[in-house]
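To start, the structure itself, in structure tokens.
In my numbering, the protein residues as written are 69 to 353.
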């Protein structure tokens with residue numbers, strides 16, 4: 069078992085000498101520190117009825133946003149620990165890692181596996197005296213187009229529209245969970261929450277009931293939480309919600325033009341962005 073400063077790491081060949089399997093274990097203390105960071109960030113962003121901003125108790129935040137907070141913590145901890153292992157083990161990845169077998173429980177170490185291709189070690193032989201013609205890497209236009217489109221997708225914005233919400237839209241809502249008598253549970257009330265209807269982690273009952281709504285609509289519905297849901301209070305239970313739709317938001321992807329090149333990529337114009345040497349280094353890996 070190879071060890072970094074605080075991580076436990078097992079590095080194995082995985083099918084070929086240049087494909088590695090990293091089995092990484094992150095201490096529970098690091099997870100708790102990451103949770104505290106996320107809690108503080110949520111405190112600074114949300115406003116809940118009955119509490120002053122930045123003074124919402126942690127247990128209230130976890131009750132309201134537990135699933136989102138766990139997702140954020142996992143994303144950060146996996147990214148940071150993987151990058152730390154790559155740096156400390158002096159690996160040279162030539163591909164993005166495939167993350168699998170995440171084992172996560174509060175109060176316990178996090179373990180996961182990462183598969184990644186690394187730059188093969190080549191020992192040059194009999195190369196002295198050889199004539200070599202250096203060639204500049206040519207990047208096909210379609211590869212640059214694809215990369216630019218990915219950049220546009222990542223910088224898309226949600227714009228208000230006056231129509232019913234479709235599957236690819238988001239809705240701005242006020243919602244509250246109801247108790248067994250149908251009365252609002254005030255500590256669960258949320259204002260101006262943006263719900264992306266196409267998000268992979270959205271519970272199906274929210275998607276089903278909010279598609280087709282428009283500003284001014286109201287919906288009451290029940291949500292069946294899965295047994296593995298992050299919030300223990302809701303795990304495996306059914307809860308009722310009252311939702312008021314404040315507006316519909318459409319995802320707007322910016323046009324690929326000179327303004328986009330300047331504001332997003334810091335280039336003079338689109339021509340410079342398309343010809344930038346970054347694409348040669350990006351696609352020559």
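Glycine included, every Cβ here is placed at the ideal spot set by N, Cα and C.
By alpha-carbon distance to residue 179, the top candidate from 90, 343, 307 is 90.
The beta carbon of residue 258 is closer than 6 Å to those of 243 in its chain, skipping five residues each way along the sequence. In this structure, residue 233 places its C-beta atom within 7 Å of the C-beta atom of residue 316. With at least 16 other beta carbons inside 10 angstroms of its own, residue 239 counts as buried.
Contact between residue 226 and residue 271 is ruled out by a C-beta separation of about 20 Å, above the 8 Å threshold. Rounded to whole angstroms, the gap between the alpha carbons of residue 157 and residue 94 is 16 Å.
For residue 190, the number of other beta carbons within 10 angstroms of its own is below 16, and it is reported as exposed.
The beta carbon of residue 322 sits closer than 8 Å to those of 220, 223, 224, 225, 328, 332, all from its chain and outside the five residues before and after it, given in chain order. Here residue 102 is near residue 144, since their CB atoms are less than 7 Å apart.
For residue 309, the enclosing beta strand (DSSP E) begins and ends at 306-320.
The continuous beta strand (DSSP E) containing residue 287 extends over residues 286-292. Burial state of residue 237 is buried, judged by a 10 Å Cβ sphere holding 16 or more other Cβ atoms. For the pair residue 109 and residue 245, the Cα-to-Cα distance works out to about 23 Å. Scanning its chain for C-beta atoms nearer than 7 Å, with the 5 sequence neighbours on each side dropped, one finds around residue 175 the residues 96, in chain order.
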